[in-house]
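FYI, the numbering for the sequence shown is 2 to 81, going by our numbering. Below is one structure, written out as structure tokens; the observations come after it.
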Amino acid sequence: QATKVSQMAADAYAHAIRPTHTTNDGDTIYTLASGKLGSQASAAVPLDLLGMLAVRALETAIVNGAKTAETSHGIPGVAK
Numbered sequence: 002q003a004t005k006v007s008q009m010a011a012d013a014y015a016h017a018i019r020p021t022h023t024t025n026d027g028d029t030i031y032t033l034a035s036g037k038l039g040s041q042a043s044a045a046v047p048l049d050l051l052g053m054l055a056v057r058a059l060e061t062a063i064v065n066g067a068k069t070a071e072t073s074h075g076i077p078g079v080a081k
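Written as structure tokens, this is what we have:
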């Protein structure tokens with residue numbers, strides 16, 4: 002299930018980055034679970050919904066990261 006959520010979250014790259022999935026990017030997504038809900042987790046949050054929320058969260062994080070990036074090592078950033 003965690004693998005599927007990570008696979009779905011990868012769609013955020015295509016939503017927020019152009020071009021995406023090039024040979025030079027190191028795109029890796031890890032999905033972790035605490036196990037606190039136990040067997041109730043499947044009933045509480047459907048896997049497809051969790052995956053869609055992961056896409057939105059990662060897409061938002063990418064855009065926020067780009068908007069707040071500062072210049073570093075001669076590479077210009079957007080933030081002032």
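Think of the CB as a built atom: it goes at the ideal place given N, C-alpha and C, for glycine as much as any other residue. This structure is a prediction, so every number in the text was calculated from the model and none was measured.
- Query: Helix, strand or coil: which one does DSSP assign to S35?
  - Reply: coil
- Does the beta-carbon of L33 have 16 or more other beta-carbons within 10 angstroms, so that it is buried, or is it exposed? exposed
- Task: Grab me the residues of G78's own chain with a C-beta within less than 6 Å of its C-beta, minus the 5 sequence neighbours each way, in chain order.
- Result: The answer, listed in chain order, is A70, E71, T72.
- Query: DSSP three-state call for I30: helix, strand or coil?
  - Reply: coil
- 6 Å Cβ shell around T21 - same chain, five flanking residues per side excluded: Y14, A15
- Query: In chain order, what residues of the same chain lie with their CB nearer than 8 Å to the CB of A3, ignoring the 5 residues before and after it?
  - Reply: T32, L33, A34
- From G36 to L51, what does the alpha carbon distance come to, in whole angstroms? 15 Å
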